[in-house]
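S.K.: If you use full-length UniProt numbering, the sequence shown corresponds to residues 1 to 124, in order.
Every residue gets a Cβ at the ideal spot worked out from N, C-alpha and C, and that includes glycine.
A quick note: this is a predicted structure, and the numbers were derived from the prediction, not measured.
First, the structure itself, so that you have it in front of you.
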Amino acid sequence: MNDDIKAIEAATQVYLDGLYEGDVEKLSSVFHPTSALTQSQDGELKVVPRAQWFEAVRGRKSPKETGLERGDHILAIDLVGPSMALVKVKCQMPPRYFTDLLSFLKVDGKWVVAQKVFMTETAA
């Protein structure tokens, strides 16, 4: 089980690095091809498929590139069972601050993000 926690933590760090660096290859290495991002926006459920999110990442300057301070960290890793885990992280692209819940599944022996549910807070 300890190896699973380490693998999940490593995959989560790749995700956070990919976000900060705007590196779609890093992101795609930890997000399953069928994954999507889900949020509540203006009272509506909004689902963005992985490919659409990757296009947005490719089309913007990364936080690193724009000189934004890095401020991400793992808040919790819950190994639910031998093939499922939930990870809670905080990250930022000021003035936007994000809380992400990453649903991990172990697929073909590798921990991957099956779904990301997140919320955004904007600083005044």
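(1) Buried or exposed for Ala11, please, with buried defined as at least 16 other CB atoms from any protein chain shown within 10 angstroms of its CB.
(2) Report the three-state DSSP secondary structure of Arg96 (helix, strand or coil).
(3) Kindly list the residues whose CB is nearer than 7 Å to the CB of Ile5, restricted to its own chain and excluding five residues on each side of it in sequence; keep chain order.
(4) Have a look at Thr122 and Pro94 and give me their C-alpha separation to the nearest angstrom.
(5) Ala85: buried (16+ other C-beta within 10 angstroms of its C-beta) or exposed?
(6) Hey, is the stretch 63 to 76 in contact with the stretch 31 to 42, meaning 3+ C-beta pairs nearer than 8 Å?
(7) How long is the line joining the alpha carbons of residue 127 and Asp42, rounded to whole angstroms?
(8) If you count every other CB in all the chains shown that lies within 10 Å of the CB of Leu19, and 16 or more means buried, which is it?
(9) Could you pull out every residue in the same chain whose Cβ sits closer than 7 Å to the Cβ of Ser29, ignoring the five residues on either side in sequence?
(10) Quick one: is Pro49 buried, meaning 16 or more other Cβ sit within 10 Å of its Cβ, or exposed?
M.R.: Looking at the coordinates:
(1) buried
(2) strand
(3) Ile77, Leu79
(4) 8 Å
(5) buried
(6) no
(7) Since the first and last residues shown for the chain are 1 and 124, residue 127 lies out of range.
(8) buried
(9) Val14
(10) exposed
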